[in-house]
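> Numbering (our numbering), first residue to last: 55 to 231. Can you keep this structure in mind? I'll have questions shortly.
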Ligand code: IMP
Ligand code: MG
């Protein structure tokens with residue numbers, strides 16, 4: 055049986071919606087009429103955020119996903135990043151916007167960005183909903199950040215713990231470990 059954990063809500067559905075709309079507007083203003091834009095969401099955590107965000111991006115774009123795993127079942131980041139899904143969309147010469155739920159250690163972005171660069175993307179930008187601001191060795195700029203996040207383990211709005219809680223429409227900190 056799944057453990058019942060105590061959750062402390064930190065962002066409401068309305069707060070998230072308002073910020074996602076602002077991000078979509080800023081991203082649309084930046085790309086304007088850039089041709090051939092590709093938005094890549096990192097699974098699984100980005101799926102809810104990406105679904106809401108793209109509906110506020112006016113620049114025509116394609117959507118793709120990469121499956122990236124590091125946490126497994128726990129609240130501790132693993133030291134190994136695994137690519138669990140890669141449909142092999144051609145990236146040569148394209149503008150790519152990478153979308154993820156949260157930056158914690160920065161290991162995921164440090165793995166993903168060089169991988170995309172190697173496939174010949176001409177421009178790569180990053181948008182995350184949450185940033186814990188503790189990644190000291192993050193090797194990329196993060197152009198768009200929804201919210202600075204507390205150091206707690208967070209769940210909801212796509213963020214999971216042992217594959218639970220992703221469906222919650224708000225974001226909460228896990229109180230009891
Ligand atoms: P990083 O590689 O440590 O920067 O962590 C990024 C990835 O780990 C994100 O794509 C999330 O999937 C996951 N992650 C990091 N922190 C949390 C959290 O607080 N809750 C849920 N998932 C997290
Ligand atoms: Mg992730």
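Backbone N, C-alpha and C fix where the C-beta goes; we use that ideal spot for every residue, glycine too.
Below 7 Å, is the gap between the Cβ of residue 161 and the nearest heavy atom of the ligand IMP?
Result yes, Cβ under 7 Å from the ligand IMP.
> With a 10 Å radius around its C-beta and 16 neighbouring C-beta atoms as the bar for buried, classify residue 148 as buried or exposed.
The residue in question, residue 148, is buried, as its Cβ has 16 or more Cβ neighbours within 10 Å.
> Going by DSSP, what residues sit across from residue 121 in a beta bridge?
97 and 139
> Within its chain, find whatever has a CB closer than 7 Å to the CB of residue 66; leave out the 5 residues flanking it on each side and keep chain order.
Cβ within range, chain order: 224.
> Once DSSP output is grouped into helix, strand and coil, what is the label at residue 75?
helix
> Taking C-beta to C-beta, are residue 181 and residue 81 nearer than 8 Å?
yes
> Heavy atom of the ligand IMP less than 7 Å from the Cβ of residue 196, yes or no?
At a threshold of 7 Å, residue 196 does not count as near the ligand IMP, since its beta carbon sits no closer than that to any of the ligand's heavy atoms.
> Hey, how far is the Cα of residue 206 from the Cα of residue 169?
In a straight line, the C-alpha of residue 206 is about 29 Å away from that of residue 169.
> At what residue ranges does the region 157-188 contain a whole run of the beta strand (DSSP E), taking only runs of 3 or more?
Segments of the beta strand (DSSP E) lying fully in the region 157-188: 177-185.
> Assuming contact is defined by CB atoms lying nearer than 8 Å, are residue 74 and residue 110 in contact in what I supplied?
In terms of Cβ geometry, residue 74 and residue 110 form a close pair [threshold 8 Å].
> Grab me the residues of residue 142's own chain with a C-beta within less than 8 Å of its C-beta, minus the 5 sequence neighbours each way, in chain order.
none
> Here's a check: name, in chain order, each residue in its chain whose Cβ is nearer than 7 Å to the Cβ of residue 203, leaving out the five neighbours to either side.
156, 184, 185 and 186
> Measure the beta-carbon distance from residue 163 to residue 208 and round it to whole angstroms, keeping in mind my assumption that it falls under 8 Å.
Rounded, the Cβ-Cβ distance is 17 Å, inconsistent with contact.
> My assumption, with CB atoms under 8 Å, is that residue 237 sits in contact with residue 213. Please give the rounded CB distance.
Lying outside 55 to 231, the shown extent of the chain, residue 237 is not represented and no answer is given.
> Could I get the ranges of all uninterrupted beta strand (DSSP E) runs contained in the region 184-226, with 3 residues as the minimum, in chain order?
198-202
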